[in-house]
Amino acid sequence: MKKINKSRLFLASCLALITTAMTFAIRARLETVFGPEGVGLTLEQIGYAFTPAFFGFTLAMIFGGPLVDFLGIKKITWMAFIAHCIGIVWTIMADSMTSLFLATLFVGIGNGMVEAALNPLIASMYSTEKTKMLNRFHVWFPGGIVIGSIVGWLVMDVFGLNWQVMVATLFIPVIIYGVMFLGQNFPVTERVQMGITNKQMFSSLGKPLFIFMVFCMFLTAASELGTTQRIESLLKESVAVPLLVLAFINGIMALGRLFAGPVAHKLKPSGMLLYSAIFTFIGLWLLTISSGGMTFVAAAVFAIGVTFFWPTMISFVAEYLPETGALGLSIMGGAGMFSVSLVLPIMGSLMDNASAVEALRTMSILPAILIVAFFGLNIYMNKRKQKA
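Quick note, our numbering runs 377 ahead of the 1-based positions in the sequence shown.
#1: What residue range is occupied by the uninterrupted alpha helix (DSSP H) comprising N382?
#2: Where does the unbroken alpha helix (DSSP H) through H461 begin, and where does it stop?
#3: Would you check if the distance between the CB atom of G660 and the CB atom of A675 is smaller than 8 angstroms?
#4: In three-state DSSP terms, what is A733?
#5: Check whether the Cβ atoms of G555 and I395 lie closer than 8 angstroms to each other.
#6: Nearest-angstrom Cα distance between A393 and V551?
#7: Classify P585: buried if its beta carbon has 16 or more other beta carbons within 10 angstroms, exposed otherwise.
#8: Which word fits N627, buried or exposed, when buried means at least 16 other C-beta atoms lie within 10 angstroms of its C-beta?
#9: Which class does I372 belong to by DSSP, given the choice of helix, strand or coil?
#10: What residue does the alpha helix (DSSP H) around T689 start on, and which one ends it?
#11: Rounding to the nearest angstrom, what Cα-Cα distance links M578 and A736 in this structure?
#12: Looking at the unbroken alpha helix (DSSP H) that takes in V678, where does it start and where does it end?
#13: Since M690 and M758 should fall inside the 8 angstroms C-beta cutoff, what is the C-beta to C-beta distance between them, to a whole number of angstroms?
#14: Quick check on the burial criterion: 16 or more other C-beta atoms within 10 angstroms. Buried or exposed for R634?
#15: Taking only runs that begin and end inside the region 494 to 561, name each unbroken alpha helix (DSSP H) of 4 or more residues, in chain order.
#16: For S473 and S501, I'd like the C-alpha separation in whole angstroms.
#17: Rounded to whole angstroms, what's the CA-CA distance from H536 to L623? Just pull it up for me.
#18: Can you look up G417 in the DSSP assignment and give me helix, strand or coil?
#19: For the alpha helix (DSSP H) containing T574, name the first residue and the last one.
#20: Would the beta-carbon of F548 fall within 8 angstroms of that of S647?
#21: Taking 8 angstroms as the cut-off, decide whether the C-beta atoms of R568 and G702 are in contact.
#22: For the alpha helix (DSSP H) that contains T597, what are its first and last residues?
#23: Counting C-beta neighbours from all protein chains within 10 Å, is the total for E609 16 or more, i.e. buried, or is it exposed?
#24: Are the Cβ atoms of A457 and V491 separated by less than 8 angstroms?
#25: By the three-class DSSP mapping on this structure, what secondary structure does A617 have?
#26: Do the region 504 to 514 and the region 430 to 450 make contact, defined as three or more Cβ pairs closer than 8 angstroms?
#27: Less than 8 angstroms between the CB atoms is what I'm expecting for S581 and F587, so what's the real figure, rounded?
#28: Is P722 helix, strand or coil when you go by DSSP?
#29: Would you check if there are 3 or more beta carbon pairs closer than 8 angstroms linking the region 663 to 677 to the region 442 to 454?
#30: Hey, could you find the ends of the alpha helix (DSSP H) I608 is sitting in?
#31: Does the count of Cβ pairs from the region 723 to 732 and the region 462 to 476 closer than 8 angstroms reach three?
#32: Classify L650 as helix, strand or coil using the three-state DSSP reduction.
#33: Using alpha carbons as the reference points, say which of F558, I524 and G710 lies closest to V544.
Right, dumping it as structure tokens:
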């Protein structure tokens, strides 16, 4: 058996996720560049131009998920690298809604391929510590957003350089993760290791628990990413530099995910999700009535809520529905990103025609639904444990 350098693969995976996350922060900063005061697009038009970041991500995960099992993790990882490079170059050249749309599509495909390949990689390498290691891996989504937010602020607001320089900084993590993956041996996916057939995998996707989790993924991802992706417009009347609020939120998220192990051990995934929904609802509600320094307090509560959403949803499926394989994980991630592509134009329309407060108030409905859903999930999982 070929030797697998787990630590190098894990570090390279983290850098790939940093790239993904930086694109989110930098795209949030581009909203003002291409908006009414810049290129001249309306906030609704920008919402549509940004949607490929999410449905492109979704398509990459849905198609990339089963391909991970058939082609191997390595090939999908290199597809991510190529798509990232194309997307970054095209973004630098963007000068209209159409070119921004196409550039964002390639970035989204690259991001989706990262998730499609590397979630199964982590689950395969650390099969007995999935929740802990997937949360530790996903530290670098908020971590990368912090990096991207600070880079955007420094490049454009402090040094006064043009936005193309800000976008070009994405090549730094891309080149590093490409070099680190070069020449490495990759493990096969967990489904292949377990010997689960394609028929078993596809039939398991129809289980009520999996369908329920996909539904919840729509709401958890939209609550987190729909809000943070439009932070510039949502908070421009509340604070001087909304991008720093984004960095603050994601700094809290990174710390939380770094120490997810003890939390997961005490609450179990279903408990983590319930508490996350409660804090997210309170945080969004507080953001509707906060300004100045209180915005950071509200943002902290929101951050505590969304910290464990994405990785714990993924790890729940990996732990309790492993027979769904890489495809199951990809459907989860794809559903999450697709939901964000739906809410971005809706939020843009609300902000164009009503106000940011109305958009935040509408978004708070999503975690309210999740509180009920995850309360029921806790009851179900406790009963299932008692029967086992």
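All C-beta atoms, glycine included, are put in the ideal place defined by N, C-alpha and C.
Note that the structure is a prediction, hence the values are computed from the model and not measured.
Quick look at the numbers:
#1: One-based indexing of the sequence shown puts residue 382 at position 5. Element bounds for N382: n/a, residue is neither H nor E.
#2: As a position in the sequence shown, residue 461 is number 84, starting the count at 1. Note, H461: alpha helix (DSSP H), I450 to M470.
#3: Your numbering for residue 660 matches position 283 in the sequence shown. Your numbering for residue 675 matches position 298 in the sequence shown. Their beta carbons are under 8 angstroms apart, which means G660 touches A675 by this criterion.
#4: Here residue 733 is taken as the residue at index 356 of the sequence shown, counted from 1. If DSSP states are grouped into helix, strand and coil, A733 belongs with the helices.
#5: Your numbering for residue 555 matches position 178 in the sequence shown. Your numbering for residue 395 matches position 18 in the sequence shown. No, they are not a contact pair.
#6: Position 16 of the sequence shown, counted from the first residue, corresponds to residue 393. Position 174 of the sequence shown, counted from the first residue, corresponds to residue 551. A393 and V551: Cα-Cα distance of roughly 7 angstroms.
#7: Numbered from its first residue, the sequence shown carries residue 585 at position 208. Exposed is the label assigned to P585, since fewer than 16 other Cβ atoms lie within 10 Å of its Cβ.
#8: Counted from its first residue, the sequence shown places residue 627 at position 250. By the 10 Å Cβ count, N627 comes out buried.
#9: An answer regarding residue 372 cannot be provided, because it is not within the stretch 378 to 765 covered by the chain.
#10: For the purposes of this step, residue 689 is identified with residue 312 of the sequence shown, where counting begins at 1. Element bounds for T689: F686 to Y697.
#11: Here residue 578 is taken as the residue at index 201 of the sequence shown, counted from 1. Here residue 736 is taken as the residue at index 359 of the sequence shown, counted from 1. Going by the C-alpha atoms only, they are around 39 angstroms apart.
#12: Here residue 678 refers to the residue found at position 301 of the sequence shown. Unbroken alpha helix (DSSP H) run through V678: G670 to V683.
#13: Position 313 of the sequence shown, counting from 1, holds the residue named residue 690. Position 381 of the sequence shown, counting from 1, holds the residue named residue 758. Not quite, the Cβ-Cβ distance comes to about 14 angstroms (not below 8 angstroms), so this is no contact.
#14: Along the sequence shown, one-based indexing puts residue 634 at 257. R634 comes out buried.
#15: 507 to 514, 517 to 529, 540 to 545 and 548 to 558
#16: The sequence position of residue 473 within the sequence shown is 96, counting from 1. The sequence position of residue 501 within the sequence shown is 124, counting from 1. Cα to Cα, the separation comes out at about 42 angstroms.
#17: Looking up residue 536 in the sequence shown gives position 159. Looking up residue 623 in the sequence shown gives position 246. The identity of residue 536 in the sequence shown is Phe, whereas the question assumes His. Note on geometry: alpha-carbon atoms of F536 and L623 lie some 20 angstroms from one another.
#18: Within the sequence shown, the letter at position 40 stands for residue 417. Residue state, collapsed to three classes: coil.
#19: Numbered from its first residue, the sequence shown carries residue 574 at position 197. No alpha helix (DSSP H) holds T574; DSSP gives it neither H nor E.
#20: Residue 548 sits at position 171 when you count from the first residue of the sequence shown. Residue 647 sits at position 270 when you count from the first residue of the sequence shown. For F548 and S647, no; Cβs fall outside 8 angstroms.
#21: For the purposes of this step, residue 568 is identified with residue 191 of the sequence shown, where counting begins at 1. For the purposes of this step, residue 702 is identified with residue 325 of the sequence shown, where counting begins at 1. With contacts defined as CB atoms closer than 8 angstroms, R568 and G702 qualify as a contacting pair.
#22: Taking the sequence shown and counting its residues from 1, the one referred to as residue 597 is at position 220. Per DSSP, the continuous alpha helix (DSSP H) segment holding T597 begins and ends at P585 to A598.
#23: If you number the sequence shown from 1, residue 609 lands on position 232. By the 10 Å Cβ count, E609 comes out buried.
#24: Mapped onto the sequence shown, residue 457 falls at position 80. Mapped onto the sequence shown, residue 491 falls at position 114. A contact, by the Cβ cut-off of 8 angstroms.
#25: Stepping through the sequence shown from its first residue, residue 617 is reached at position 240. For A617, the three-state secondary structure derived from DSSP is coil.
#26: Touching, no, given that fewer than three Cβ pairs across the two stretches are closer than 8 angstroms.
#27: If you number the sequence shown from 1, residue 581 lands on position 204. If you number the sequence shown from 1, residue 587 lands on position 210. Confirmed, Cβ separation roughly 7 angstroms.
#28: Stepping through the sequence shown from its first residue, residue 722 is reached at position 345. Here P722 sits in helix by DSSP.
#29: no
#30: Position 231 of the sequence shown, counting from 1, holds the residue named residue 608. That run of the alpha helix (DSSP H) goes I608 to L611.
#31: no
#32: Indexing the sequence shown from 1 puts residue 650 at position 273. DSSP places L650 in helix when its eight states are reduced to three.
#33: One-based indexing of the sequence shown puts residue 544 at position 167. When each option's Cα is compared against that of V544, the closest is I524.
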